[in-house]
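Single-structure report; data block below.
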Amino acid sequence: MKINVEEGFETFTKEIENKFLQVKGTIPKWLSGTLVRNGPSKFHVEKEKYNHLFDGLAMLHKFSFENKKISYTNKFLRGHSFESSLKKGKIVYAEFATIPKFPLGHRIFLNATRHFTDNASVNVTKIGKSHIAMTETPPRLEFDLHTLDTLGPFHYDDKIRGHLTTAHPKFDYHNNQLINYITNFSMKSTYNIYTIKGGSIKRNILSSIPVKRPAYMHSFGMTKNYIILSEFPLFIDPFRLFLTGTPFIDNLFWKPEHGTTFLLIDKNSGKLVGNFKTEPFFAFHHVNAFEEKGNIILDMISYEDPSIIKSMYLDKLRGGNFSIPIPQMKRYCLDLNNNRITSHVLLKNSLEFPRINYRNYSTKSYNYIYGVNPHNSNGFPLRLVKFSINSSSCKYWYKENNLPGEPVFVPRPGSSKEDDGIIFSLVLDTIKQHSYLLILDGISFCEIARAYVPYAIPLGTHGEYFQ
Ligand code: CO
Numbered sequence: 076m077k078i079n080v081e082e083g084f085e086t087f088t089k090e091i092e093n094k095f096l097q098v099k100g101t102i103p104k105w106l107s108g109t110l111v112r113n114g115p116s117k118f119h120v121e122k123e124k125y126n127h128l129f130d131g132l133a134m135l136h137k138f139s140f141e142n143k144k145i146s147y148t149n150k151f152l153r154g155h156s157f158e159s160s161l162k163k164g165k166i167v168y169a170e171f172a173t174i175p176k177f178p179l180g181h182r183i184f185l186n187a188t189r190h191f192t193d194n195a196s197v198n199v200t201k202i203g204k205s206h207i208a209m210t211e212t213p214p215r216l217e218f219d220l221h222t223l224d225t226l227g228p229f230h231y232d233d234k235i236r237g238h239l240t241t242a243h244p245k246f247d248y249h250n251n252q253l254i255n256y257i258t259n260f261s262m263k264s265t266y267n268i269y270t271i272k273g274g275s276i277k278r279n280i281l282s283s284i285p286v287k288r289p290a291y292m293h294s295f296g297m298t299k300n301y302i303i304l305s306e307f308p309l310f311i312d313p314f315r316l317f318l319t320g321t322p323f324i325d326n327l328f329w330k331p332e333h334g335t336t337f338l339l340i341d342k343n344s345g346k347l348v349g350n351f352k353t354e355p356f357f358a359f360h361h362v363n364a365f366e367e368k369g370n371i372i373l374d375m376i377s378y379e380d381p382s383i384i385k386s387m388y389l390d391k392l393r394g395g396n397f398s399i400p401i402p403q404m405k406r407y408c409l410d411l412n413n414n415r416i417t418s419h420v421l422l423k424n425s426l427e428f429p430r431i432n433y434r435n436y437s438t439k440s441y442n443y444i445y446g447v448n449p450h451n452s453n454g455f456p457l458r459l460v461k462f463s464i465n466s467s468s469c470k471y472w473y474k475e476n477n478l479p480g481e482p483v484f485v486p487r488p489g490s491s492k493e494d495d496g497i498i499f500s501l502v503l504d505t506i507k508q509h510s511y512l513l514i515l516d517g518i519s520f521c522e523i524a525r526a527y528v529p530y531a532i533p534l535g536t537h538g539e540y541f542q
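Going by the working numbering, the sequence shown opens with residue 76, and the numbers climb by one from there.
So, in structure tokens, the structure goes:
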């Protein structure tokens with residue numbers, strides 16, 4: 076079956092502000108926050124094209140809920156990459172798989188001098204009082220939650236430097252802190268794990284781990300007492316990156332003979348306390364992790380190899396004739412007493428963009444995962460899934476020619492059941508050529524409402540609900 080997915084990767088530039096959306100169904104009256112979703116929306120600058128799904132210029136979409144009504148605003152993230160590219164009429168910052176068409180010497184200079192893109196198209200979060208957009212290069216952009224105006228670069232109150240970070244910080248509710256890491260490339264590269272106390276914008280280095288071959292890690296794991304870095308054997312060659320002026324993607328090297336190493340860091344002391352080796356695999360997303368009877372339980376969306384990364388070149392996706400690798404959801408058990416590791420598959424025909432009831436079940440034993448799930452053999456995610464670990468069963472939401480995005484779970488205030496809440500997903504109807512915000516009931520996984528956006532919004536990345 077050929078799926079018409081091209082619409083999901085087309086440039087969309089229209090911006091609107093505070094438009095009340097037409098709603099079918101009933102919006103739960105307890106919804107009073109704001110959902111912000113990030114994603115690429117401009118895939119070319121005049122005649123120059125971005126190559127990969129991770130490269131396009133970011134747009135923020137906002138859905139605000141009040142008195143069972145939804146207002147929608149969308150705006151480009153106007154950082155330096157966006158503004159300078161549009162001003163000059165060409166791409167001027169290197170992205171994940173695109174480099175500017177500058178002479179070689181100029182490109183080398185840019186790669187070697189921390190000339191990072193601030194095209195923060197991957198995720199959003201809140202640090203201190205600031206709402207920020209994030210990607211994997213260090214610059215963060217602050218935006219106004221009410222207007223979605225870009226306020227400028229977000230500056231931490233410290234001098235920590237580095238080259239590569241994640242757009243998936245962890246919230247440690249137990250200690251009221253945010254945790255993330257940043258890799259610094261040098262002759263002696265390091266993974267630098269940092270904490271930010273609630274309300275603060277100052278990063279404190281918890282642990283600095285020397286690394287010979289830095290790995291590409293899109294996210295990490297956290298339990299009550301530990302941080303887990305999953306070093307897949309997909310290594311970055313920083314010197315090649317700096318000295319050849321080539322895009323980041325071309326400096327990732329798959330060396331399966333090294334296997335995957337889980338580095339276990341004590342969250343209190345910052346000490347590296349464990350080193351677990353297992354078979355080679357690749358993942359973007361950790362789902363959840365927790366401690367149980369002397370074991371660390373680590374759930375991940377696991378691929379056999381990193382070919383998923385190269386399957387997301389835009390020309391491949393737009394052609395419709397693609398094959399996207401299908402991951403497995405796997406559970407890794409790290410036995411702290413004898414340094415042994417075991418794993419088993421939780422879900423074969425697995426999901427991506429995994430979300431859980433994070434506020435109440437992060438770092439705890441849990442049952443439900445929500446995600447997008449492939450519906451046929453080419454691997455393109457066409458339906459939403461709710462997976463129960465305990466019963467090993469799935470519930471699905473599917474509508475032909477409708478492409479769902481990441482499902483964001485919001486617990487109902489006062490709820491005591493893990494799945495008592497709602498799920499948001501921004502869906503693209505490729506026939507009617509418009510998008511809508513779908514709201515599913517968390518327990519039944521059935522639609523309770525949808526709000527129509529009068530445009531077709533390209534498929535996005537991650538989003539967050541701000542209360
Ligand atoms: Co991600």
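By construction, the Cβ of each residue, glycine as well, lies at the ideal position given by its N, Cα and C atoms.
Sorting Val362, Ile372, Thr210 and Lys385 by C-alpha distance to the C-alpha of Leu411 places Ile372 at the top. Take the alpha-carbon of Ile276 and the one of Tyr256: they are about 15 angstroms apart. The closest heavy atom of the ligand CO lies 7 angstroms or more from the beta carbon of Phe323.
Using a C-beta cut-off of 8 angstroms, the region 234-241 makes contact with the region 254-268, since at least three inter-stretch Cβ pairs fall below that distance. Residues Thr225 of the same chain have their beta carbon placed closer than 6 angstroms to that of Arg153, with the five preceding and five following residues left out of the count. Within the DSSP secondary-structure output, Ile376 pairs in a beta bridge with Met404. Between Tyr436 and the set Pro213, Val485, Lys368 and Tyr407, the nearest pair of CA atoms involves Val485.
By the C-beta criterion, the region 197-206 is judged to be in contact with the region 217-231, since at least 3 inter-stretch pairs fall below 8 angstroms. Each of Leu503, Val460 and Ile464 was checked against the Cα of Val483, and the nearest Cα belongs to Val460. Across the structure, Phe307 and Thr336 are spaced so that their CA atoms are roughly 7 angstroms apart.
Spanning the alpha carbons of Lys272 and Phe359 requires a straight line of approximately 26 angstroms. In this structure, the ligand CO has a non-hydrogen atom nearer than 7 angstroms to the beta-carbon of His243. With the rule of 3 Cβ pairs closer than 8 angstroms, the region 141-150 does not count as touching the region 182-199.
The closest heavy atom of the ligand CO lies less than 7 angstroms from the beta carbon of Val197. Residue state for Tyr248 is assigned as helix, using DSSP reduced to three classes. Residue burial annotation: Asp390 is exposed, with fewer than 16 other C-beta atoms found within 10 angstroms of its C-beta. In the DSSP annotation of this structure, the continuous segment of the alpha helix (DSSP H) that includes Arg315 starts and ends at Pro313 to Thr319. The C-alpha of Pro178 is placed about 48 angstroms away from the C-alpha of Arg434.
Rounded to the nearest whole angstrom, the C-alpha separation of Ser452 and Asn396 is 12 angstroms. For the 8 angstroms CB-CB criterion, Phe118 and Tyr530 do not form a contact.
Counting only runs of at least 3 residues, the region 227-272 fully encloses the following beta strand (DSSP E) elements, listed from N- to C-terminal order: 245-247, 252-259 and 264-272.
In terms of CA proximity to Pro228, His155 leads the group Thr188, His155, Tyr441 and Lys122. Here the alpha carbon of Asn194 sits roughly 12 angstroms from the alpha carbon of Thr173.
When the alpha-carbon of Leu478 is set against those of Ser466, Lys104, Pro488 and Gly446, the nearest one is in Gly446.
The region 245-253 makes no contact with the region 304-319; the number of CB pairs closer than 8 angstroms stays below 3. About 18 angstroms separates the CB atoms of Pro533 and Glu123; that is not less than 8 angstroms, and the two are not in contact. Inter-segment contact for the region 322-340 and the region 162-173 is present: three or more beta-carbon pairs are separated by less than 8 angstroms.
In the DSSP assignment, Glu158 falls within the unbroken alpha helix (DSSP H) covering His155 to Lys163. In summary, Gln403 is buried, with 16 or more beta-carbon neighbours lying within 10 Å of its beta-carbon over all protein chains present. Here the region 311-320 does not lie against the region 292-301, with fewer than 3 beta-carbon pairs under 8 angstroms apart.
The beta carbons of Ile303 and Ala364 sit closer together than 8 angstroms.
Here His190 is not bridged, per DSSP, to any residue. Note on Glu211: 16 or more other CB atoms within 10 angstroms of its CB, so buried under the neighbour-count rule. The residue among Phe541, Ile498, Ser510 and Ser467 with its C-alpha nearest the C-alpha of Phe520 is Ile498.
Taking C-alpha positions only, Thr417 is separated from Leu409 by approximately 7 angstroms. Shortest Cα-Cα distance from Glu82 to any of Leu503, Glu522, Leu513 and Gly517 involves Leu503.
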